[in-house]
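Before any comments, here is the structure.
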Amino acid sequence: MMLPKGSSLSPKMLDLLNSFEENMAERLRKIKPPGKEDILCLTWMRSAMELLCEIHADIKVLITSLELPVGDWEDKWIDVYLDNSVKLLDICIAFSSEISRLKQGHLFLRCLLHDLESASPKKFIQARSSLDGWKQHMASKNPRLDNIFSVMDSLAQTLDLPKIKNSSKGKVLMRAMYGVKVVTLFICSVFAAAFSGSAKKLMDLPVPETCLWAQAFLDLQTCVNSEIRNSDPDNVLVFLKEVESVDSVVRKVYPIVQDGVENPVEAQVLQKSKSDLEKAAGELCQGLELVAKEVDGFFQVVLTGRDALLSNLRLVGNVFEQGETSLNVQGPPVRRLVFLAMAEYGDDGGILFVTPTHGRRYNQWSVNGNLFEVYSKYFLLRLIGRGDNGIVCEAQNTLTSERVAIKKISNAFGNIYDARRTLHEIRFLLDMDHQNFITCKDIIRPPQRENFEDVYYVYDLMDTNLHQIIQSSQPLTDDHYRCYLYQILRGLKYLHSANILCRPLKPHMVCLNWDHKLKIVCGTYSMPNVATHWYQAPEVLLNCSGHTPAIDIWSLGCILGEMMKREPLFPGRDTGQQFMLITELIGSPDDASLGFLRSNDQRRYLRQFPRYQKQQFSARFPNTAAPGALDLLERMLVFDPNRRITVNEALCHPYFAPCRDINSELVCPKPLAFDYEHPTVTQENIKEFMWRMSVILNPNLHPL
Numbered sequence: 001m002m003l004p005k006g007s008s009l010s011p012k013m014l015d016l017l018n019s020f021e022e023n024m025a026e027r028l029r030k031i032k033p034p035g036k037e038d039i040l041c042l043t044w045m046r047s048a049m050e051l052l053c054e055i056h057a058d059i060k061v062l063i064t065s066l067e068l069p070v071g072d073w074e075d076k077w078i079d080v081y082l083d084n085s086v087k088l089l090d091i092c093i094a095f096s097s098e099i100s101r102l103k104q105g106h107l108f109l110r111c112l113l114h115d116l117e118s119a120s121p122k123k124f125i126q127a128r129s130s131l132d133g134w135k136q137h138m139a140s141k142n143p144r145l146d147n148i149f150s151v152m153d154s155l156a157q158t159l160d161l162p163k164i165k166n167s168s169k170g171k172v173l174m175r176a177m178y179g180v181k182v183v184t185l186f187i188c189s190v191f192a193a194a195f196s197g198s199a200k201k202l203m204d205l206p207v208p209e210t211c212l213w214a215q216a217f218l219d220l221q222t223c224v225n226s227e228i229r230n231s232d233p234d235n236v237l238v239f240l241k242e243v244e245s246v247d248s249v250v251r252k253v254y255p256i257v258q259d260g261v262e263n264p265v266e267a268q269v270l271q272k273s274k275s276d277l278e279k280a281a282g283e284l285c286q287g288l289e290l291v292a293k294e295v296d297g298f299f300q301v302v303l304t305g306r307d308a309l310l311s312n313l314r315l316v317g318n319v320f321e322q323g324e325t326s327l328n329v330q331g332p333p334v335r336r337l338v339f340l341a342m343a344e345y346g347d348d349g350g351i352l353f354v355t356p357t358h359g360r361r362y363n364q365w366s367v368n369g370n371l372f373e374v375y376s377k378y379f380l381l382r383l384i385g386r387g388d389n390g391i392v393c394e395a396q397n398t399l400t401s402e403r404v405a406i407k408k409i410s411n412a413f414g415n416i417y418d419a420r421r422t423l424h425e426i427r428f429l430l431d432m433d434h435q436n437f438i439t440c441k442d443i444i445r446p447p448q449r450e451n452f453e454d455v456y457y458v459y460d461l462m463d464t465n466l467h468q469i470i471q472s473s474q475p476l477t478d479d480h481y482r483c484y485l486y487q488i489l490r491g492l493k494y495l496h497s498a499n500i501l502c503r504p505l506k507p508h509m510v511c512l513n514w515d516h517k518l519k520i521v522c523g524t525y526s527m528p529n530v531a532t533h534w535y536q537a538p539e540v541l542l543n544c545s546g547h548t549p550a551i552d553i554w555s556l557g558c559i560l561g562e563m564m565k566r567e568p569l570f571p572g573r574d575t576g577q578q579f580m581l582i583t584e585l586i587g588s589p590d591d592a593s594l595g596f597l598r599s600n601d602q603r604r605y606l607r608q609f610p611r612y613q614k615q616q617f618s619a620r621f622p623n624t625a626a627p628g629a630l631d632l633l634e635r636m637l638v639f640d641p642n643r644r645i646t647v648n649e650a651l652c653h654p655y656f657a658p659c660r661d662i663n664s665e666l667v668c669p670k671p672l673a674f675d676y677e678h679p680t681v682t683q684e685n686i687k688e689f690m691w692r693m694s695v696i697l698n699p700n701l702h703p704l
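If you're matching positions, the sequence shown starts at 1 in UniProt numbering and goes up one per residue.
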């Protein structure tokens with residue numbers, strides 16, 4: 001390879017650098033699009049993001065091969081690495097936000113396809129609404145995307161090769177990092193152009209000929225940028241190929257939906273357009289999922305590299321997690337952690353700022369104007385929930401790399417009601433030691449006991465919930481029903497053995513990971529404003545006393561039916577309509593089925609509704625599940641709670657024979673005692689208990 005005048009590297013250093021640059025050149029040649037139709041499509045974008053993951057991983061390998069510990073890095077090398085990583089995390093989050101926006105637009109297409117199944121005038125009106133929704137949604141702008149252009153500009157302004165003296169290893173490292181930075185910035189500019197619809201966002205980056213990857217990069221950059229600009233000479237508007245395909249079909253469908261189908265020819269055109277739209281929408285959804293996965297992977301690569309560097313700096317500084325209060329540490333490590341991350345992470349645009357406190361054992365984060373003060377090992381990533389009693393952030397434990405959720409309950413002991421609710425919430429998570437329940441991992445002890453007002457606790461972070469799955473385009477098969485139902489029933493068995501009921505169980509409360517592992521959440525992070533009565537059993541709707549575990553079985557039946565139909569089973573506006581919807585499906589209760597009622601007023605209330613015969617479940621849920629699932633559903637949705645199938649009976653149902661593991665169906669060793677609900681318990685008692693629990697969970701953290 002050629003080096004600038006005056007440069008000198010040993011044969012070993014030259015070999016390492018040559019190997020790195022040749023490898024990067026080969027990767028660049030592989031992703032050069034074979035034709036213009038392959039540019040600005042999600043398939044190529046996925047490959048490009050894969051390349052970024054690979055070359056950033058190559059940097060880590062190079063650092064190891066150089067045998068260059070962080071303790072030997074110069075300040076400016078660390079500054080470059082940390083500053084660039086912050087900007088790249090910003091960019092990743094903006095891209096993820098835009099992908100989510102496009103996925104939301106895809107929901108309008110799903111609604112449109114559903115509306116076009118029937119050629120009735122009513123359905124056409126709904127279809128027009130879906131079409132208008134798609135057009136308006138796609139015309140909207142993503143403010144987070146606009147914010148990253150200045151970030152990319154600032155990265156471009158620092159692309160000069162740094163001058164390194166007296167360190168051949170440093171020269172190799174900085175030159176390699178320069179190459180990675182150039183390629184990353186170029187690919188990010190293409191993503192920005194594709195997502196923003198403007199070729200003006202493209203960058204033409206010059207690179208020195210001395211780099212072995214220079215020609216491969218310039219060939220790729222010229223090919224991609226030229227084709228994008230040629231597709232729209234005015235540099236005003238460019239489209240993702242998949243979005244363009246959808247729009248092309250939408251333009252054909254709109255006049256037909258607007259005017260209606262008046263003859264067989266128009267009906268045939270509509271059918272063809274519907275088929276084309278279904279294909280185009282499917283390709284868009286699949287492509288977005290794949291690109292989203294790679295963007296998330298790149299985010300993880302950057303974050304993991306950053307965490308590794310920061311962990312090494314902590315070891316150098318020797319002030320983290322040791323209980324020391326002195327800041328007498330030489331050099332950059334202490335100073336550098338002050339600017340850890342000033343990036344837009346929150347889903348709703350909030351900025352997270354961090355400042356180390358209390359001997360660097362804690363970090364103070366600003367999250368949408370809310371103060372978060374947590375142990376320094378927790379690196380906050382984004383805001384994921386808020387409610388009437390707290391906010392929740394996603395975080396990473398930098399010591400274990402585990403992703404977790406952290407909830408802050410402000411002024412937790414302000415009154416006895418709030419104090420009891422807080423303790424009830426956390427005690428439940430601590431006591432529910434079961435694989436199918438969200439559990440508490442940590443209670444963050446406040447830096448000073450006398451200022452103990454806010455409570456922070458850490459619990460399991462899950463990828464999604466059942467409500468989101470049901471609302472998505474993710475296919476649900478009989479195997480999904482069986483897998484999810486069995487895990488929920490296993491959790492309910494444990495819960496009921498502890499003398500606790502869900503009241504009621506809802507799809508939002510059923511959390512899932514990508515591997516289909518399921519955990520039930522009972523009162524941890526705030527639930528969306530969902531109509532609770534949709535999942536309430538008849539005896540709950542009638543205000544009967546003495547509820548039994550049967551109420552959770554009814555809720556589970558509602559959830560199973562919702563999975564099959566991909567929509568709520570009984571979406572009543574009020575209690576009256578709720579009973580109407582229930583009896584339309586399972587039939588009006590006879591006198592024998594009302595034997596559990598103790599009040600004649602309740603019987604008279606029910607008799608005012610129209611009488612319905614029970615529907616055939618196989619007709620109501622055609623081709624959605626195996627007969628075993630329908631039989632189980634019928635046994636769950638029984639009006640009389642005394643005749644409803646129990647948890648144990650459901651677990652023994654033949655439907656679960658393929659997946660059942662009796663040894664995993666555990667019971668709680670003893671019923672949970674809620675002794676803190678006694679009238680004599682005060683806020684101070686509860687505060688003391690919470691403090692003791694935080695000490696037990698963190699015995700090595702010395703008080704200040």
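Glycine included, C-beta positions come from ideal geometry on N, C-alpha and C.
Check your understanding: Where does S366 fall in DSSP's three states?
Key -> strand
Check your understanding: Straight-line CA distance for Q602 to D552?
Key -> 21 Å
Exercise for review: Determine the burial state of residue 727: buried for a count of at least 16 other Cβ atoms within 10 Å of its Cβ, exposed for fewer.
Suggested key: Here the chain covers residues 1 to 704 and nothing more, so residue 727 does not appear.
Check your understanding: Under the rule that 16 or more other beta-carbon atoms within 10 Å means buried, what is M342, buried or exposed?
Key -> In this prediction, M342 has a pLDDT of 28, which is less than 50 and means its spatial position is unreliable; what the coordinates show is noted afterwards. A residue is called buried when at least 16 other Cβ atoms come within 10 angstroms of its Cβ; M342 does not meet this threshold and is exposed.
**Study point:** At least 3 beta-carbon pairs within less than 8 Å: the stretch 650-663 vs the stretch 592-610
**Key:** no
Check your understanding: In whole angstroms, what separates the C-alpha of K293 from that of C544?
Key -> 48 Å
Review point. Out of N642, C558, L240, G561, which has the shortest C-alpha to C-alpha gap to L594?
Key: N642
Practice item. Return the CA-CA distance between D348 and I391, expressed in angstroms with no decimal places. Key: At D348 the pLDDT is 42, less than 50, meaning the model places this residue with poor confidence; the figure from the coordinates comes in the next sentence. Here the alpha carbons of I391 and D348 stand approximately 13 Å from one another.
Practice item. Pull up the CB-CB distance for L371 and A395, whole angstroms please, since I reckon it's below 8 Å. Key: Not a contact, Cβ separation roughly 15 Å.
Review point. A629 by DSSP, collapsed to three states: which one?
Key: helix
Review point. Taking the Cβ atom as the reference point for each residue, do F298 and L28 lie within a distance shorter than 7 Å?
Key: Contact: no.
Practice item. Note down the Cα distance separating H56 from P447, rounded to an integer number of angstroms. Key: For H56 and P447, the distance between alpha carbons rounds to 37 Å.
**Study point:** For L697, the three-state DSSP class (helix, strand or coil)
**Key:** helix
Point to revise | Inter-residue Cα distance where the pair is D259 and A619 | key: 34 Å
Review point. Quick one: is residue 727 buried, meaning 16 or more other Cβ sit within 10 Å of its Cβ, or exposed?
Key: Outside the modelled stretch of the chain, which goes from 1 to 704, sits residue 727, for which no answer is possible.
Exercise for review: Give me the Cα-Cα distance between G557 and R482, rounded to the nearest whole angstrom.
Suggested key: One C-alpha to the other measures close to 13 Å.
Exercise for review: Return the Cβ separation of A625 and M564 in integer angstroms, given the expectation that the two are a contact with Cβ distance under 8 Å.
Suggested key: About 6 Å; that satisfies the 8 Å criterion.
Check your understanding: Which residue comes first and which comes last in the alpha helix (DSSP H) that contains A192?
Key -> For A192, the uninterrupted alpha helix (DSSP H) run begins and ends at 168-196, by DSSP.
Practice item. Tell me where the alpha helix (DSSP H) around N225 begins and ends. Key: 214-231
Review point. Who are the near neighbours of N397 in its chain, counting only those whose CB is closer than 7 Å to its CB and skipping five residues on each side?
Key: K377, Y378, V404
Point to revise | Residue environment, T184, which counts as buried when at least 16 other CB atoms sit within 10 Å | key: By the neighbour-count rule (16 or more Cβ atoms within 10 Å), T184 is buried.
Exercise for review: Look at the alpha carbon of S10 and the alpha carbon of L82, and state the distance between them as a whole number of angstroms.
Suggested key: 28 Å
Practice item. Inspect the beta-carbon positions of L505 and S473 and report whether they are closer than 7 Å. Key: no
Point to revise | Neighbourhood of I416 by C-beta distance below 6 Å, restricted to the same chain and skipping five residues each side | key: Q683
Review point. Comparing alpha-carbon positions, which option in L102, F579, N23, N513 lies nearest A139?
Key: Taking only the C-alpha atoms, the option nearest A139 is L102.
Check your understanding: Which of the three DSSP states, helix, strand or coil, is assigned to N142?
Key -> coil
Review point. DSSP on V261, reduced to helix/strand/coil?
Key: coil
Review point. Assuming I500 and V510 make a contact with CB atoms under 8 Å, what is their CB distance in whole Å?
Key: At roughly 16 Å, the Cβ-Cβ gap does not stay under 8 Å, so I500 and V510 are not in contact.
Exercise for review: Would you list the residues sitting across from T355 in a DSSP beta bridge?
Suggested key: The partner list for T355 (beta bridge, DSSP) reads Q364.
**Study point:** Alpha carbon of F617 to alpha carbon of E227, nearest angstrom
**Key:** 56 Å
Check your understanding: DSSP beta-bridge partners for E21?
Key -> According to DSSP, which records beta bridges pairwise, E21 is partnered with nothing at all.
Practice item. Note down the Cα distance separating F239 from S100, rounded to an integer number of angstroms. Key: 17 Å
Practice item. Using beta-carbon positions only, say whether V458 and D442 come within less than 7 Å of one another. Key: For V458 and D442, yes; Cβs fall inside 7 Å.
Check your understanding: Mapping DSSP to helix, strand and coil, what is Y457?
Key -> strand
Check your understanding: Where DSSP assigns a beta bridge to F609, which residues make up the other side?
Key -> F609 is not bridged to any residue.
Practice item. State the start and end residues of the unbroken beta strand (DSSP E) segment that holds V404. Key: 402-409
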